[in-house]
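So the sequences go chain by chain: B and Y. The first sequence begins at 419 in the numbering used here and counts up by one. The second sequence begins at -16 in the numbering used here and counts up by one. For every residue, glycine included, the Cβ atom is placed at its ideal position computed from N, Cα and C. Note that the structure is predicted; figures quoted are calculated from it, not measured. What follows is a set of notes on a single structure, which appears directly below.
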Amino acid sequence: MLFTELLKMAGLSLVANKLRTVLTMLGIIIGVSAVIALVSVGMGVRKNVTDSISRLGSNLLMVMSGSSNRGGVRGGAGSVQTLTYDDAKAIKSKIKDVAYVSPTAQGSYQVVYGHENWSTTVTGVIPEYAAIQSLTMQSGIFFTEHDVDVRSRVAVIGTTVATNLFGSVNPVGKKIRVGNAPYTVIGLIASKGQSSVGQDQDDVVLIPLTTAQERLLGITYVRSINVQVANADKMDEVQANIEKLLRQRHRIRAGAEDDFNVRNLTSLMETMNETTTMITLLLGSIAGISLIVGGIGIMNIMMVSVTERTREIGIRKAIGATYNSIMMQFLIESTMISILGGIIGIFLGIGLAQAISKFGNFTTVISSESIIASFGFSLFVGVFFGMLPARKAAKLDPIDALRYE
Amino acid sequence: MSNVVTITGVKKLYKMGSEIVAALNGVDLKIDSGEFVALMGPSGSGKSTLMNILGCLDRPTEGSYKLLDKEVSRLSDDELAGIRNKTIGFCYQNFNLLSKLTSLENVELPAIYAGFNKTERRKMAMAALEKVSLADRAEHLPSELSGGQRQRVAIARAIAMKPAIILADEPTGNLDTKSTVEILQIFRDLHAGGSTIILVTHEPDVAQSADRQILVKDGKITKDIITASTDERIDII
């Protein structure tokens, strides 16, 4: 009963001093919208990074050839060529919790169609590659296990290659020349765009692994084996098992160095996540400081307001207002300012974030956490910084207050 | 008739540096229900202090103050606020109305703090405004009223809760002669209706409206006369 009246009183006094109310609110509005907008930028960075890493494939282990070490001269990664298609098959068949295994072999070639030619990377893969890389076909089909078995001269190409060789003509069914041998294009991969490192993921020609090894490159080894693990929790276990298996298969003596490397993309993802979370927190807390400053603004104005309204407080106390009712009246006022400012700030912040992503061409992610946290914090700021002025008002002696001019 | 106010041996002491000054130095006072008392005294006499204690805005340092047979001299701030709210109605020289509220809202204020609901409050406030013949100005702001009308709104606020005492501090101090007569007539009418009124003034003419005049000097009551039964007048100086 009394509370609703106190609400009304506080509301009336805010309406009576509109300009002052709005100016005081501005601090909170700016604070809340800054928190939401900046956190959305931080979250946007995080999303970009996470997306591009997971586009490489999630739960992915990459087995690469190790470095050679002959007479003290060490080659780079991949300089020994010991990984084979059979290693990949062994990993697939002998290790638990492995979903897909995808060995690849690569070479750079001038690909020719009619009068057009285009230099690109030709990669030998097996059908599981499509699953690991989450490829979808724009037209045609991906080659099958059978194509790998019989070393078919078939190719699946990316959109960049298709555009450069065929223009707007549908490439499916056409023959291209790679290394002077004809390959039938059987599928066109839907565009994947750029990777996180700016690599064009559509500039690819995929052919069966065995075809690449034996008919094109003339090699017996594979460049790398990508292994997708069925369960994220098993990453470390699978990694250890792969290392054990490959050491066995490659007959590496105990104590000798591995001739291969197993890389874990999850740890990269974790590191990136940590970094971007830090960035987000940093941005959010800088914006949070402006909220505190806004709160001090509220306190300042409320202090002035209490002094200005000393006489009113005296009158209210004389006719029976208790300590609590005076305190509540002023506390409600400061809280109303922060709630209203918070609500306006939320909308402004969302608008800002959308404007940044629209005009700044930058991904922003508006998170409900940042909205709730910034609004909650503004509410806290309103109550906290309203407390001192409200107590000052409530403690006034009615005799002195009535005498105040 | 029963006593509304019973004050015995009340002292109010203030510390002025190392000295102790007695604003009130042993006051005994009884006011019956339905009395119309004028409280007089020069400035510095302790008259204001006595009024503040009577109005439960202040507590005596020593002595007892019984209001409606309840000892109030040792109550907490909030308890005193409750007593001011229900048992005492204040009128001031400068009216002390809230400028942003209409007459009606001003008169409603004590009932808000007492926790009455809207319909009850409206009824009480309108009844009080009718008693001071200002029902037609209910929706006006104080700035739209004359001095006399403002004081009538203040009186309406004072009587809205049907208090045991109406305490008027120089209620005619800021008013012209015509309004003064008007306001004093309202007090006479309220008195006739059975209200207990304490009128603080330093004007002998105003004090003449009361039935009893009390003079405070140097923290003590020096004269206490029933005006109706004597021709004696109290001159302050």
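Within chain Y, no C-beta atom comes nearer than 7 Å to that of P807 of chain B; the closest sits roughly 19 Å away. In this structure, the straight-line span from the alpha carbon of K106 of chain Y to that of R171 of chain Y is close to 24 Å.
A Cβ-Cβ contact shorter than 7 Å links S56 of chain Y with R42 of chain Y. As computed with DSSP, A151 of chain Y is found in a beta bridge with Y:C74, Y:L182. When C-alpha distances from A648 of chain B are compared across B:V596, B:Q657, B:R641, the shortest belongs to B:Q657. Counted as a single uninterrupted DSSP element, the beta strand (DSSP E) harbouring I197 of chain Y occupies residues 195 to 200. In this structure, the straight-line span from the alpha carbon of D52 of chain Y to that of K161 of chain Y is close to 39 Å. Sequence-ordered contacts of the stretch 743 to 761 of chain B with chain Y read S743 [C-beta pairs closer than 9 Å]. Here the C-alpha atom of G591 of chain B lies approximately 29 Å from the C-alpha atom of Y518 of chain B. Against chain Y, the beta carbon of A428 of chain B has no neighbour under 7 Å; the closest one sits roughly 13 Å away.
Within 10 angstroms of the beta-carbon of D119 of chain Y lie fewer than 16 other beta-carbons, which makes it exposed. If only complete runs of 3 or more residues are kept, the stretch 656 to 728 of chain B shows the beta strand (DSSP E) at 678 to 682, in order along the chain.
Secondary structure at M805 of chain B: helix, using DSSP grouped into helix, strand and coil. With respect to chain B, the C-beta atom of N8 of chain Y has no partner C-beta closer than 7 Å. Judged by beta-carbon spacing, A548 of chain B lies within the 7 Å limit of F560 of chain B, meaning their Cβ atoms are closer than that value. Considering only B:V680, B:K436, B:R665, the residue with the shortest C-alpha distance to G673 of chain B is B:R665.
With 16 or more neighbouring CB atoms inside 10 Å of its own CB, T753 of chain B falls in the buried class.
M34 of chain Y and F19 of chain Y have their C-alpha atoms roughly 15 Å apart.
Closer than 8 Å at the C-beta level to chain B, one finds these residues of the stretch 17 to 49 of chain Y: N35, G38, L40, D41.
Distance from the CA of N(-14) of chain Y to the CA of I148 of chain Y, rounded to the nearest whole angstrom, comes to 11 Å. Here the stretch 498 to 511 of chain B makes no contact with the stretch 571 to 585 of chain B; the two share fewer than three CB pairs at distances below 8 Å. I95 of chain Y has a beta carbon lying within less than 7 Å of a beta carbon in chain B. Taking 7 Å as the cut-off, the Cβ atoms of L424 of chain B and I719 of chain B do not count as close. With 16 or more other CB atoms across the displayed protein chains lying within 10 angstroms of its CB, S520 of chain B is buried.
Annotation: the continuous alpha helix (DSSP H) that includes P93 of chain Y extends over 86 to 97. By the neighbour-count criterion, in which a residue is buried when 16 or more other Cβ atoms sit within 10 angstroms of its Cβ, K426 of chain B is exposed. Annotation: T102 of chain Y to V453 of chain B spans about 46 Å, alpha carbon to alpha carbon.
Taking a Cβ-Cβ cut-off of 8 Å, the neighbours of K83 of chain Y in chain B comprise L430, S431, A434, given in sequence order. Take N157 of chain Y, set aside five residues on each side of it, and the residues of its chain with a beta-carbon closer than 7 Å to its own are Q76, N77, G130, in chain order. Interface annotation, T740 of chain B: in contact with chain Y, CB-CB separation under 7 Å. Between S458 of chain B and T782 of chain B, the gap from beta carbon to beta carbon is short of 7 Å. Residues of chain B with a Cβ closer than 7 Å to the Cβ of R67 of chain Y are, in chain order, A736, I737, G738. Within its own chain, the residues whose Cβ lies closer than 8 Å to the Cβ of N535 of chain B, once the five positions on either side in sequence are excluded, are Q528, V529, L583, listed in chain order. Here G794 of chain B is actually not in contact with I716 of chain B; their C-beta atoms are around 16 Å apart, not less than 8 Å. Close CB contacts of S451 of chain B within its chain, under the 7 Å cut and outside five residues either way in sequence, are with G763, L766, G767, L770 (chain order). When secondary structure is reduced to three states using DSSP, P43 of chain Y falls in the coil class, being assigned neither helix nor strand.
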